[in-house]
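Data first, discussion second: the structure below is written as structure tokens.
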Amino acid sequence: MTRALISLAAWGLASVAAAQVPPPSRVPLPPLPEMGRVDVGGGEPLTLGQVLSSVERHHPAIEGARQELAAAEGERFAAEGGFDTTLSGQAWMAPAGYYQWGRAHATLSQPTPLWGATFYGGWRFGRPFDADEGSDPGIPSYYRNYETLDGGELRAGVRVPLWRDGPIDGRRRRLWAAEHYRDAYAQYLEVRRLYVGYEAASAYWYWAAAGRKYRVAAELLDLAEARDAQIRAQVAAGAYPAIEALENRRVILARRRDLVTARRALEQAAIALSLYVRDRSGEPIVPSAARVPGEIPLPAPAPPPLADAVQRASRRHPIVQRYEALQRRQQVYVDYAENRFSPRVDVQLEASVDLGDGNDRQRSTYEDPVVEGSVLLEIPLQFRDARGGIQRERADLAALREEARLARDQIAQSVRDAHSALVAAHDGLALAQEAADVATAVARAERTRFELGATQLLIVNLREQYAAEAQKYLAEARAELQIAHARWRAVVPPE
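All the letters of the sequence shown, read from the start, carry residue numbers 12 to 506 under this note's numbering.
Spelled out as structure tokens, the structure:
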């Protein structure tokens, strides 16, 4: 009995308290302040071509690769210096002493890549300061090989390695290796262009999709804000329950929050894109939302057959071409090391003639032209340096071949994955477009039913939310298809 009385009293107090709370229709809703909007797509749109042009001119990764190519070209040019024409000379004299005489020579030498041959020519002069031997002891007999007639001696000759340094020598090794190294860096530059271009395209399309999703969020908010006054009037007239006004206020606040989230995503995408959009000095530029393109266009149709693409990429992709250049460079080192495992057999042929006049002894000794020949033979007995070099260079070449094989396998894998992503993106876009069309039609029909009083605002909000999500997914699907095409272009060289 006591418990029943207590329960009755509590119910009475609750009823009194509830009576003191105004009904929802009388709850004053403070006006919402205006929410700032971002002007998306109101200016001149930024195109992908402009982004890629900026990347080519100013991106640090491409500029760095370009400078590395310039350094490799400098190394190749320096290697050509091994075949520079060389002028050398020397003068010597003994102005005081029993023998007072002097000598001088000048030589012009020209190495060539023709089997390592070196051509040379020169002039030499050796005379006592007083050519009259009656008053001067002349040149010491042990230096008579320096003596010439008073016009000096002209000479010319050639040195040719017959075995070692014939097919390849140090000069040609450096030059040929530098040429292949330059080719490797030229392909490396192409690799950087492909992958930085792909990254730039990805950032661009993500930014475009973020702009489209922001517009969808703004349009969704506009729907709720546009019907706010109408719902208030209907509630005041008793046509709608008071809770509908509160529900619409809740939806407005939630959609404003979603718009803030969409704005943050757009700003984040613009910041990411700024790595690829730069001014003339190379500084990043954060593109404004006004430059977001209006719609994400549909790219080209589906890719060519997978088998053809794999075969073409495995042969012509810059990564594969770079490894082929590195292998050619290493083969030069192998050839040089194998040539070291040979005896040195050099032949030299020289002709000389003295000019001018001298005493009887000098004329009889030097006035006739002279032709000389010589052979140089040098054989290391153990050849340990050559054998060790061969082992090292062959092992390095074998390692490069394995790296190249792995690179080809990875390229083929990338092509297959890119093809799979491209097919999935095409299929996903078709489904996303159909889903967006259906969801938009359902939301439009539900709004009509609400205006006729045949449904509740909660259902309308859900239909609109589903339609907005479908539109956002459609924007993502379009961007993913563009990115899939950009990736395909990065891994499959054009025909």
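The beta-carbon is built from N, C-alpha and C at its ideal position, and this holds for glycine as well. Since this is a predicted model, take the numbers as computed values, not measurements.
Beta-carbon contacts of residue i that lie in its chain and below 6 Å, excluding the five residues immediately before and after
i: Asp194; result: Ala336
i: Gly162; result: Leu366 and Gly367
i: Tyr251; result: Gln245
i: Arg275; result: none
i: Leu57; result: Pro298 and Arg302
i: Ala423; result: Val321 and Ser325
i: Leu16; result: In this predicted model, Leu16 has a pLDDT of only 40, less than 50, meaning its place in the structure is not dependable; the value taken from the coordinates is given anyway. Nothing meets the Cβ criterion.
i: Val386; result: Val358
For residue j and residue i, the rounded distance between their alpha carbons
i: Asp50; j: Leu277; result: 12 Å
i: Val343; j: Ala188; result: 6 Å
i: Leu111; j: Pro151; result: One detail in the question is off: residue 111 reads as Gln in this sequence, not Leu. Distance between the alpha carbons of Gln111 and Pro151: 9 Å.
i: Ser363; j: Gly177; result: 26 Å
i: Arg372; j: Arg114; result: 19 Å
i: Gly464; j: Leu270; result: 29 Å
i: Val32; j: Leu257; result: Annotation note: pLDDT 44 at Val32 (below 50); position unreliable, coordinate value reported separately. Whole-angstrom Cα-Cα distance: 16 Å.
i: Arg340; j: His496; result: 35 Å
i: Ile307; j: Gly53; result: 15 Å
i: Ala488; j: Ala436; result: 7 Å
i: Gly132; j: His116; result: 11 Å
i: Ala456; j: Asp438; result: 28 Å
i: Trp218; j: Gly305; result: 12 Å
i: Thr159; j: Arg405; result: 52 Å
i: Arg238; j: Ala450; result: 20 Å
i: Leu98; j: Pro122; result: 12 Å
i: Trp499; j: Leu492; result: 11 Å
i: Ser292; j: Arg68; result: 10 Å
i: Gly75; j: Gln332; result: 20 Å
i: Leu469; j: Val453; result: 14 Å
i: Tyr484; j: Pro316; result: 28 Å
i: His70; j: Ala441; result: 35 Å
i: Gln467; j: Ile254; result: 11 Å
i: Arg374; j: Asp180; result: 42 Å
i: Ala72; j: Glu55; result: 28 Å
i: Thr96; j: Ser120; result: 6 Å
i: Leu433; j: Ala283; result: 24 Å
i: Leu205; j: Glu389; result: 52 Å
i: Tyr154; j: Asp407; result: 52 Å
i: Gly168; j: Phe394; result: 31 Å
i: Glu91; j: Tyr196; result: 18 Å
Pick from the options that is closest to residue i, judged by C-alpha positions
i: Arg261; options: Leu492, His496 and Pro42; result: Pro42
i: Arg87; options: Ser425, Gly168, Arg183 and Pro44; result: Arg183
i: Tyr347; options: Ala244, Arg398 and Thr97; result: Arg398
i: Ser431; options: Val502, Gln341 and Thr459; result: Val502
i: Ala479; options: Arg427, Gln444, Gln393 and Pro312; result: Gln444
i: Gln198; options: Tyr334, Phe352 and Arg351; result: Tyr334
i: Arg223; options: Leu440, Leu388, Glu201 and Ala273; result: Ala273
i: Ile330; options: Lys483, Ser353, Pro316 and Ala415; result: Ala415
i: Gln482; options: Ala253, Ala221 and Arg275; result: Ala221
i: Leu392; options: Tyr154, Phe352, Val426 and Ala418; result: Phe352
i: Pro139; options: Asp407, Arg203 and Gly369; result: Gly369
i: Ser279; options: Tyr225, Ile242, Arg291 and Leu317; result: The sequence shown places Gln at residue 279, not Ser. For Gln279, the nearest C-alpha among the options comes from Tyr225.
i: Arg77; options: Glu55, Ala240 and Val202; result: Val202
i: Tyr109; options: Phe394, Leu360, Asn350 and Asp141; result: Asp141
i: Arg166; options: Phe130, Leu186 and Arg155; result: Phe130
i: Arg48; options: Arg268, Ala89 and Glu378; result: Arg268
Own chain partners of residue i with C-beta closer than 8 Å, once the 5 adjacent residues on each side are dropped
i: Pro295; result: Ser285, Leu286, Val288 and Arg289
i: Arg266; result: Ala228, Leu231, Leu232 and Ala235
i: Arg403; result: Ala348
i: Tyr157; result: Arg114, Arg135, Gly137 and Ile150
i: Ala25; result: A caution first: Ala25 carries a pLDDT of 41, below 50, which makes its placement in the model too unreliable to give a value.
i: Ile401; result: Val345, Ala348, Glu349, Arg351 and Phe352
i: Gln338; result: Leu408, Leu411, Arg412 and Ala415
Chain-order list of residues whose beta-carbon lies under 7 Å from that of residue i (same chain, five-residue window excluded)
i: Arg458; result: Val471
i: Tyr192; result: Ala83, Glu86 and Arg340
i: Arg327; result: Pro504
i: Glu475; result: Leu231, Leu234 and Ala454
i: Leu59; result: Ala212 and Tyr215
Inset, instruction - Could you name each continuous beta strand (DSSP E) segment of 3 residues or more that falls completely within the region 342-384, going from the start of the chain to the end? - result: Taking only runs of at least 3 residues, the beta strand (DSSP E) segments lying wholly in the region 342-384 are 355-365.
Legend entry - Stretch pair the region 58-71 + the region 165-175: three plus CB contacts closer than 8 Å: Touching, no.
Inset, instruction - Specify whether the region 204-212 and the region 101-119 touch according to this definition: at least 3 beta carbon pairs, one from each stretch, less than 8 Å apart. - result: In short, these stretches do not touch, since the Cβ pair count stays below three.
Inset, instruction - For the region 408-450, list the beta strand (DSSP E) runs that are entirely contained and at least 3 residues long, ordered along the chain. - result: You should have found no qualifying run.
Inset, instruction - Please confirm if the region 373-382 is in contact with the region 298-306, defined as three or more CB-CB distances below 8 Å between the two stretches. - result: Under the 8 Å Cβ criterion, the region 373-382 does not count as touching the region 298-306, having fewer than three qualifying pairs.
Inset, instruction - Would you be able to state if there are at least three C-beta pairs under 8 Å between the region 69-89 and the region 310-329? - result: Too few Cβ pairs lie closer than 8 Å, so no.
Inset, instruction - Write down every uninterrupted run of the alpha helix (DSSP H) in the region 221-292 whose length is 4 residues or greater and which is fully enclosed by it, in chain order. - result: Runs of alpha helix (DSSP H) with 4 or more residues, each lying fully within the region 221-292, are found at 239-247 and 254-284, listed in chain order.
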